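**Q** Chains as they are written, first to last, in this note's numbering: chain G, 6 to 174; chain E, 22 to 727; chain L, 208 to 309; chain V, 17 to 414.
Even for Gly, the Cβ is constructed at its ideal location relative to N, Cα and C.
Remember, it's a predicted structure, so these values are computed and weren't measured experimentally.
Provided herewith is a single structure, encoded as C-alpha cells, for subsequent inquiry.
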Amino acid sequence: MTAQQIIFLIVAAFVLGSGVMVVTARNLVHAALWLVSTLFGVAVIYALLNANFIAVVQVVVYIGAIAILFIFAVMLTRRDMRDSGPQMNSNWWLGALVAALVFVGLVFLLQGWSGFTGTAADLPSGFEPISLLGEALVSPEAYVLPFEVASVLLLAALVGAVYVAFNKK
Amino acid sequence: MTTELLIWLIPLPPVLAFFLIVLFTNKSRAASHTVAVGAAFLSWLGAMIVFVRALGVEHLAEHPFASAIDWLPTGDTFLQIGVLIDPLSAITLFFVAWCVLMIFIYSVGYHNFGQPEGDHDHAGLPPHGATVHGHAVPSVEPMYSRFFAFIGLFAFGMLTLVVSDNVLTMFVGWEIMGLCSYLLIGFWYGKESARNAAIKAFMTTRIGDVFMLLGIAFLYSVTGSLSFEKIFSEEVLHALASVPTGVFGLSAAGLIGLLLFIGTIGKSAQFPLHVWLPDAMEGPTPVSAMIHAATMVSAGVYAVIRMFPIISLDEKTMTIVAFIGAFTAIFAATIAVAQNDIKRVLAYSTISQLGFMIAALGIGAYVAATFHLVTHAFFKALLFLGSGSVIHGMEHGVLHTGNHKVDPQDMFNMGGLKDKMPKTFWTFLIGGFALSGFPLVTAGFWSKDEILADAWAHGHTIVFFTLAIAAFLTAFYTMRQITLTFFGEPRTEEAKHAHETPWTMTTPLIVLSVFAVGFGWVGMPHWITGGLVENWFHHFVGSMLHEHSEELAFNLVPLATSLIVALGGLAAGYFTYRNVQSPAEDKLQIPVLKNKWYVDELYNVVFIKPAVWFSEVFVSQWMDKGLIDGILHLFGPATGGVGSGIRNYFDLPVINRFFGDGSADVTWWFGKNLRPIQTGRIQQYLLLTLIVLFVVGGLLYFLLMA
Amino acid sequence: MIPQSWYLILAAALFGIGMFGVLTRRNMIAILLGVELMLNAVNINLVSFWRYSDVLNMSGQVFSVIVFAVTAAEVSVGLALVISAYRRRNTVIANDLDMLKF
Amino acid sequence: MSFWNDPLKVAADWLEGIFTGWGMDAVLAHVLVAFLGVLLLIIILMVVDIFLVWIERKVVARFQDRLGPNRVGPFGLIQPFADIIKLIIKEDTTPGNADKVVYNLAPILSMMSVLILWAVVPLAPVMLGTDLNVGVLFLVAAGAIGTLAIIMGGWGSNNKFAMIGGFRQVAVMVSFEIPMLTMLMIPVIFSGSMNMNAIIAAQNPIPFWVLSPLGALIFLIAAIAELGRAPFDLAEGESELVSGFNIEYSGMKFGMFYAGELLHAFTFGGFWAILFFGGYRFFGLEQVSPFLAILILVIKAMLGYWVIMWVKYTMMRIRIDQMLAFNWKFLTPLAFALLLVTALMNALLSPAPTWLYALGMFLANVVTGWIALEIARSATKQERDRIEGPTKTAEAHH
C-alpha cells in the first residue's frame with residue numbers, strides 16, 4: 006500500500022463520514038458545516054487526481070459561496086433551526102434501503118466494466134491542464150457553447166433567485 | 022464597396038422601408054415618409070454611383086457588372102439569383118432611380134403632408150378637406166403611411182426587375198409590381214370605381230403574365246437556363262432559331278418571343294389588353310406616374326428590349342410586334358383626342374407612346390426604342406406629376422367654393438391656370454412639348470425622330486406613315502390639353518381659385534423638366550452636331566447588339582415629317598381649342614372615339630357576358646342547382662335513414678354507453694383509487710420513482726442477460 | 208497507484224449518502240444539502256474519468272466546471288424558493304408543502 | 017549551491033541526512049522535514065505577527081498624535097508580549113447555549129485561513145511553500161475559509177450582535193470577492209499564468225502597477241473590504257455592534273481573531289506587492305541572495321500594510337447599504353470594465369514594443385478610471401439633488 010493510497014483512504018473515510026453527518030445531523034447549521042468538510046475532502050480528492058484547478062475552484066465555489074448560502078438560508082429560516090422534532094421522515098428506512106440499493110446497483114454495474122480496475126497513466130511532462138482547460142472552454146471546436154449556455158443559466162438563476170426571494174411590499 | 026455589391030443593395034432600401042413602415046412607423050406620418058424617401062434616396066444614390074461607374078467601363082456590353090449566387094436547387098443545378106448591369110440596365114436604372122425619387126418626394130406634397138386631419142375623412146377614400154377657423158383647407162390623406170409602404174414595395178419590384186440578371190428574378194419583380202399596381206390602383210378602396218379598376222388591372226395583366234410564364238417555362242425547357250448571359254450566347258440563340266415548334270410555323274425563338282411579348286402586351290397595355298390602363302387613373306396621381314412613366318409599363322417595354330435578341334430571331338414575331346405597336350400607337354392616339362379627363366388623355370397618350378416603342382422594336386430599331394423609353398419616362402412622369410399638380414390646384418378651388426359636384430379632373434372645368442400655377446404651367450408645357458416632339462429642343466423630338474428615321478430607312482413604309490399620323494395626333498391632343506387647361510379664361514369659379522402647389526410637388530416637376538429637355542441631347546444624331554459630338558446614346562446602348570447597328574445617315578424625309586407633324590399638330594391643337602368653352606363645342610367628341618372604339622363594350626359582350634352567363638345560368642342554375650343538387654337531394658334522405666339507424670342501434674348503445682361512458686367510468690374509477698398515491702410529497706414521488714426504476718431496470722437487466 | 212475503482216466506489220457511496228439525505232430529510236434545505244452531495248459524487252466521477260482516460264482530452268474537467276455552474280444556479284434558485292416558501296407558509300418542512308395533490 | 021544561495025534546500029538536505037542517518041525511512045524523513053518546514057514558517061509568521069501588533073499600535077498612535085506603547089522595553093517593543101500574557105491568563109468564557117464546537121473552531125479557522133495563504137507566497141525565487149499553478153485562485157479559496165470562520169464565530173456565539181456582525185461581514189466578503197477575483201485576473205492576463213512566481217517573473221522590467229494602476233487600486237480596496245478593516249469594519253462596528261462577531265470571545269480566542277486580522281492585513285500587503293509591485297524583485301538585488309529577496313518582499317509588504325493602516329485610521333466607517341451599493345453599483349462594474357479593457361488592450365498591443373505597450377495600458381487605465389469617476393460623479397449629483405432638493409427649497413422658504 007503506497008502513501009498515496011493511504012492518503013486516499015483517509016480522505017475517503019473523512020468524506021464519507023462527513024457525508025453521513027450531513028444527512029444525519031439534527032442541527033442544520035452543523036449539517037451545513039459538515040457539508041463544508043465533505044466538500045473540502047472532495048477538493049483533496051481532486052488534488053489527488055491532479056486536478057488542481059478543479060480542487061481550488063471547488064473550495065472557492067462550494068465553500069466560499071454555496072456553503073455560505075446554505076448557512077444563510079438556514080439562519081433565515083431560523084424557526085426550525087433548533088427544531089427538536091425528528092429530522093427524518095417516518096419512512097426513512099425505505100430511503101436508506103433505496104440509497105443502499107443505488108450504491109449496490111452502481112457498484113454492481115461498474116464492476117462489470119472493463120476499465121473498472123484500470124490505473125492512470127503518468128502525466129506527460131510539462132503538462133498544463135489549466136491552459137488546456139481554458140482553451141477547451143472557449144474553443145469553438147470544443148465546449149464554448151455549453152460554457153456560454155452555463156453562463157446564461159447562471160444569469161437566469163441570478164435573476165430568478167432575486168425575483169423569487171424578493172420581499173414584495 | 023464593390024460595384025457588384027452595390028448593385029445587390031440598390032433594390033433593398035425600398036423593401037426595407039416597406040417593412041419598416043408596415044411594422045413600426047405606420048403611426049407616424051413624418052417617420053413613414055422620411056423612411057420611404059430616405060430609402061428612395063439611398064437607392065437613387067446607389068443607382069447613380071453604379072451608373073457613373075458603368076459609364077467608366079469600356080465595352081460594358083461585353084464586360085458587364087455581374088454577380089450571381091445559387092438560389093433554387095433544381096436537381097443537380099441551381100437556378101441563380103443575380104444582378105447584371107449592362108448598358109441597357111444601366112440606362113434603365115438611371116431613369117428609374119430619378120423618376121422614383123421624384124415621385125416619392127412629390128407624394129409627400131400630393132398627400133397634403135402637414136395639413137390637418139380631415140373632418141370626415143375615412144380610410145379608403147380620398148381626403149375631403151378640413152375646416153380650420155372656418156376655412157376649408159386640404160386635409161391629409163388618412164392612409165398616408167400605407168401609401169408610402171406600397172410605393173416602396175413598388176420601387177423594390179421595379180429595381181429588382183432592372184438589376185436582375187435572369188428572366189426568373191425579372192419575373193419576380195414583374196409580379197411584385199403587378200401586386201403593387203393592384204394595391205395602389207385600389208388605394209382608395211372606398212370608391213367602387215377604384216376597386217373595379219384595381220381588379221381590372223390585375224386580371225388583365227394576369228392574362229399577359231400567364232403567357233409570359235409559359236414563355237419562361239418554354240425557354241427554360243429548351244435552353245436549360247434562365248440567365249441572360251447564357252440564353253443570349255451565340256450558340257443558344259442559334260439553337261433557338263433552328264428548333265421548330267409546329268405552332269404557326271414559328272421557331273422556338275419565335276414562339277418564346279411571342280409568349281414573352283404577350284406578357285408585355287398586358288403589362289405595357291398594348292392593343293388587346295390596353296383596357297386596364299385608363300381605368301388605372303383611379304389611383305392617386307403619383308401612382309399613375311409610377312405606373313405609366315417610371316415603372317410598370319416601362320417594365321413591359323424593358324422586357325421586350327431585354328428579350329430582343331430572341332424576339333428578333335423570328336420574322337413573324339417581329340411582324341406581329343411591329344403591327345401591334347403601330348396599331349396601338351394610332352389607335353390610342355385617336356381615343357386620346359376625345360377625352361376630357363386630364364389624366365385619361367395622358368393615359369391614352371402613354372398607350373400610344375408605348376406603341377411607338379413596340380413598333381420601333383418590331384422594325385428592329387433597338388436603340389431608338391430604348392431612347393424613346395427613357396425620354397418618355399421622363400416627360401411622362403413630368404406630365405403626370407404636372408397633371409396631379411393641376412388637379413391638386415383645382416381641388417383647392419373646389420374646397421374654396423365648396424361645390425363638390427365640380428370634377429377637378431375635367432379639362433373643361435379649367436382654363437387660364439397659366440397665371441394661377443406658373444411653375445406647373447411651364448413644366449407641363451415643357452413636358453407636353455417633349456411629348457409632341459417639339460423640334461430640336463425637346464427630348465421627345467429626338468427619340469421620336471429616330472424611330473421614324475429608322476422606319477423610313479429600313480423600308481417599313483406602312484409603319485412609318487402610321488406612326489407619323491400618330492405623332493401628329495399626339496401633338497394635337499397634347500396642345501388641346503395644354504390649351505384647355507392653361508390658356509384662355511377660367512371657365513369655372515373653381516379654376517379661378519386654383520392655387521400653386523407646395524414645393525414638394527413643384528421641385529420634382531422642375532427636376533424632371535430638366536431631363537425632359539436635356540436628355541434628348543445625349544442621343545442627337547451626329548449629323549445635327551456636324552460630327553462634333555458623337556451620338557453617345559447610340560454608341561452606348563447600341564453596343565448591346567451582337568452586330569452593331571449602323572447609325573443612320575441623314576435623311577430629309579423623316580426629319581421633315583417629324584417637323585411637320587409636331588409643329589402642325591401643335592398649331593392645329595392650339596387654334597382648334599383656343600376658343601372652345603364646353604364639351605358641346607368640341608367637334609371631336611365623336612362617340613366612337615369618346616367611347617374608346619367600344620373595346621370595353623366589345624369585351625363586355627364577347628367575354629364578360631358569356632362568362633357571366635356561363636357561370637350564372639349554366640353552371641349555377643343548371644349544373645349546380647339542377648343536376649348536382651338534385652343528386653344530393655336524393656342522397657340526403659337516404660343517408661339520413663341510414664344515419665338514424667346507425668345512431669339508434671350502434672352509436673348510442675355501443676359507442677356512447679360502452680366506449681364513451683365506459684372508458685370515462687373506468688378512468689374515474691382508476692383515478693379515485695389511485696388518488697392516495699398522489700400525496701404532494703416530493704420525497705415519496707422520488708422514492709417511488711426509484712423503486713420502480715429498480716424493479717424495471719433489474720428485470721430488464723436480467724431478462725436481457727438471460 | 209490507486210485503481211479507478213476506488214474513486215468510483217467512493218463516488219457511488221457519496222451518491223448513495225446524498226440520495227439518502229434527499230429521500231429522508233424533512234427540511235428542504237437539508238434536502239438540498241443531499242443534492243449537493245450527489246452532485247459532488249458526479250463530479251468525482253467526471254474528474255476521475257478525465258484522469259484515467261486520455262488526459263489531453265479535457266471533457267471531464269470541462270463538464271465538472273459546468274456542473275459547478277449548474278450547482279450554483281440550482282442552489283441559488285432552490286434556496287430562494289425555500290425562503291420564499293418560508294415567507295408564505297412559515298415552514299421549511301417539505302412534507303408540509305403538499306398543496307399540489309388532488 | 018550553498019546555504020547563501022538556496023538555504024531551504026541545503027537545510028532540508030542536511031536534516032534529511034541526519035534523519036536517515038538515524039535509520040529512518042527516506043520517504044518518512046522527507047515528509048517529516050516538510051512538516052518541520054511548515055512549522056518553521058508558522059513560527060516565523062507568529063513572531064512577525066507579534067511585532068505587527070506593536071507596529072500597528074505605534075502607527076495608530078502616530079496617526080493620532082500620540083506616542084503609543086513606550087513603557088515596556090525599548091520603544092515599547094515588549095508590549096505585545098505583555099498583551100499575550102494578559103490574554104492567556106484571562107478567563108476563557110463560553111456563552112451559555114453556545115454551539116461549543118463551532119464556537120471554538122471559529123478562531124482557529126480564522127487563523128488558519130491566513131496561515132494557509134503563506135503556502136503560495138514566494139518569499140524568494142527558490143523559497144516558497146508550494147509552486148501551485150493556480151496560486152492566484154488559492155488566495156480566494158483561503159478567503160472563503162476566512163468567511164466561514166467569521167460566520168461560524170457569529171453564529172456559534174449565540175448572540176444577536178455577533179450574528180448580525182457575522183452576517184454583515186459575510187455579505188461584504190462575498191460581494192467584494194468579485195472585484196477582487198476580477199482584479200486577480202489582470203496580473204494573470206499580463207503574465208499568462210496563475211503561478212505566483214511566474215507573475216513576479218513577468219514583472220520584469222515593468223511592474224504591473226504601471227500597466228494597471230487602476231487594477232492595483234481596486235485590488236487594494238477589495239482587499240481592505242475582505243479584511244474587514246475600516247472603512248469597511250462593519251462586522252465589528254464598536255459603536256453599534258460592540259465588537260460584532262467576536263463580541264463573546266475573550267482571552268486567547270479573541271487574540272487569535274485579532275492576530276489573524278493583523279497578519280491578514282500584512283499578508284494582503286504582501287500579495288499586493290507580489291501581484292502589482294514585483295514581489296521580491298528589486299533591480300536584480302533578489303538574485304544575489306534569497307535573504308535579500310525576503311527582505312525586499314517584507315519591506316514591500318510593510319509598505320502595503322502601512323497603506324492599509326493609513327486608510328484604516330483616516331477613513332470613517334460607512335454604512336452597510338452604502339458599502340454594498342458601492343461594490344455592486346460601482347466597483348464590480350468598474351472591475352469588469354477594466355478587465356475587458358485590459359484584455360482587449362492586451363490583445364491589441366501585444367505586438368507593440370514594450371514602451372508603447374506600457375503607455376497604452378497605463379492610458380487605458382487612466383481613461384477607464386476617469387470615465388468611471390465621471391459616471392459616478394453625475395450619479396452622485398443626481399442622488400444628492402434628489403435628497404437635498406426639498407431641503408434647499410425649505411431653506412429658501414424660510
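Going by DSSP, what residue range makes up the alpha helix (DSSP H) through residue 276 of chain E?
**A** 273-288 is the span of the alpha helix (DSSP H), which, as asked, contains residue 276 of chain E.
**Q** Span of the alpha helix (DSSP H) holding residue 185 of chain V?
**A** Counting along the chain, the alpha helix (DSSP H) containing residue 185 of chain V begins and ends at 176-207.
**Q** For residue 158 of chain E, name the three-state secondary structure that DSSP assigns.
**A** Residue state, collapsed to three classes: strand.
**Q** Could you tell me how far apart the beta carbons of residue 268 of chain V and residue 103 of chain V are, in whole angstroms, since I believe they sit closer than 8 Å?
**A** Contact flag correct, Cβ pair sits at about 5 Å.
**Q** Could you work out which residue in V/279, V/231, V/289 and V/147 is closest to residue 378 of chain V when comparing CA atoms only?
**A** Nearest of V/279, V/231, V/289 and V/147 to residue 378 of chain V, Cα basis: V/231.
**Q** Going by DSSP in three states, residue 463 of chain E sits in which element: helix, strand or coil?
**A** Coil, per DSSP.
**Q** Name, please, each residue of chain E whose Cβ falls closer than 8 Å to the Cβ of residue 305 of chain L.
**A** Chain E residues near residue 305 of chain L: 700, 701 and 702.
**Q** Residue 46 of chain V: which of V/199, V/54 and V/32 sits nearest, CA to CA?
**A** It is V/32.
**Q** Looking at C-beta atoms only, is the number of pairs between the stretch 241-255 of chain L and the stretch 268-283 of chain L that lie closer than 8 Å three or more?
**A** Segments in contact, yes.
**Q** If contact means a Cβ-Cβ distance below 7 Å, which residues of the stretch 188-216 of chain E contact chain G?
**A** Hits within the stretch: zero.
**Q** Could you say which of G/48, G/65 and G/168 lies nearest to residue 13 of chain G if we only look at CA atoms?
**A** Comparing Cα positions, the closest option is G/48.
**Q** Can you find a CB in chain L that lies within less than 8 Å of the CB of residue 85 of chain G?
**A** Residue confidence is low: residue 85 of chain G scores 48 on pLDDT, short of 50, so the model does not pin down where it sits. No coordinate-derived value is stated.
**Q** Are the CB atoms of residue 290 of chain V and residue 138 of chain V nearer to each other than 8 Å?
**A** Their beta carbons are under 8 Å apart, which means residue 290 of chain V touches residue 138 of chain V by this criterion.
**Q** Helix, strand or coil: which one does DSSP assign to residue 211 of chain V?
**A** Coil at residue 211 of chain V, not helix or strand.
**Q** Exposed or buried, what is residue 83 of chain E when buried is set at 16 or more other beta-carbons lying within 10 Å of its beta-carbon?
**A** Result: exposed.
**Q** How far does the alpha helix (DSSP H) with residue 675 of chain E in it extend, from its first residue to its last?
**A** Unbroken run through residue 675 of chain E: none, as it is neither H nor E.
**Q** Relative to the alpha-carbon of residue 25 of chain V, which residue among V/162, V/106 and V/143 has its alpha-carbon at the smallest distance?
**A** Of V/162, V/106 and V/143, the residue nearest in Cα terms is V/143.
**Q** So, helix, strand or coil for residue 269 of chain E, using DSSP?
**A** Looking at residue 269 of chain E - three-state DSSP - the assignment turns out to be coil, as it is neither helix nor strand.
**Q** Listing by chain order, which chain E residues have their CB less than 9 Å from the CB of residue 158 of chain G?
**A** Here the premise fails: no neighbours, minimum Cβ distance about 22 Å.
**Q** Between which two residues does the alpha helix (DSSP H) holding residue 145 of chain G run?
**A** No alpha helix (DSSP H) holds residue 145 of chain G; DSSP gives it neither H nor E.
**Q** Assess, as a yes-or-no matter, whether the stretch 197-209 of chain E is touched by the stretch 61-76 of chain E under the definition of 3 or more beta carbon pairs within less than 8 Å.
**A** No: fewer than three Cβ pairs fall under 8 Å.
**Q** Of all Cβ atoms in chain E, is any one closer than 8 Å to the Cβ of residue 234 of chain L?
**A** No, no contact with chain E.
**Q** Taking the CB atoms as reference points, tell me whether residue 310 of chain L and residue 17 of chain G lie closer together than 8 Å.
**A** Because chain L is modelled from 208 through 309, residue 310 of chain L falls outside the range shown and cannot be assessed.
**Q** Name the residues in the stretch 88-115 of chain G whose C-beta lies less than 8 Å from a C-beta of chain E; which are they?
**A** Within the stretch 88-115 of chain G, the residues whose Cβ lies closer than 8 Å to some Cβ of chain E are 94, 96, 99, 100, 103, 106, 107 and 110, listed in chain order.
**Q** Can you tell me whether residue 101 of chain E is helix, strand or coil according to DSSP?
**A** DSSP places residue 101 of chain E in strand when its eight states are reduced to three.
**Q** Going along the chain, which residues of its own chain have a beta-carbon closer than 8 Å to the beta-carbon of residue 452 of chain E, five neighbours each way excluded?
**A** Excluding positions up to five away in sequence, the list reads 400, 401, 403, 404, 407, 533, 534 and 537.
**Q** Can you pull the chain V neighbours of residue 38 of chain G, defined as C-beta to C-beta under 9 Å?
**A** Within chain V, the residues near residue 38 of chain G are 117, 118, 121, 164 and 168.
**Q** Could you check what DSSP says for residue 300 of chain L in three-state terms: helix, strand or coil?
**A** In this structure, residue 300 of chain L counts as strand in the three-state DSSP scheme.
**Q** Which residues in chain L have a C-beta closer than 9 Å to the C-beta of residue 8 of chain G? List them in chain order.
**A** Neighbours of residue 8 of chain G on chain L: none; closest Cβ ~11 Å, over 9 Å.
**Q** Using DSSP with H/G/I as helix, E/B as strand and the rest coil, what is residue 114 of chain V?
**A** DSSP places residue 114 of chain V in coil when its eight states are reduced to three.
**Q** According to the neighbour-count rule (16 or more other Cβ atoms, all chains shown, within 10 Å of its Cβ), is residue 343 of chain V buried or exposed?
**A** Label assigned to residue 343 of chain V: buried.
**Q** What's the C-alpha gap between residue 387 of chain E and residue 270 of chain E?
**A** In a straight line, the C-alpha of residue 387 of chain E is about 25 Å away from that of residue 270 of chain E.
**Q** Less than 8 Å between the C-beta atoms of residue 96 of chain E and residue 525 of chain E, yes or no?
**A** No; because the gap between Cβ atoms is not below 8 Å, this pair is not in contact.
**Q** Between which two residues does the alpha helix (DSSP H) carrying residue 206 of chain E extend?
**A** Taken as a continuous stretch (DSSP letters only), the alpha helix (DSSP H) holding residue 206 of chain E covers 188-206.
**Q** Please report the Cβ distance between residue 313 of chain V and residue 296 of chain V, rounded to the nearest whole angstrom; I am assuming they are in contact, meaning their Cβ atoms lie under 8 Å.
**A** The pair is a contact, with the Cβ atoms about 4 Å apart (cut-off 8 Å).
**Q** Would residue 112 of chain E and residue 310 of chain E qualify as a contact pair, given that the criterion is a beta-carbon distance under 8 Å?
**A** Contact flag unset, no.
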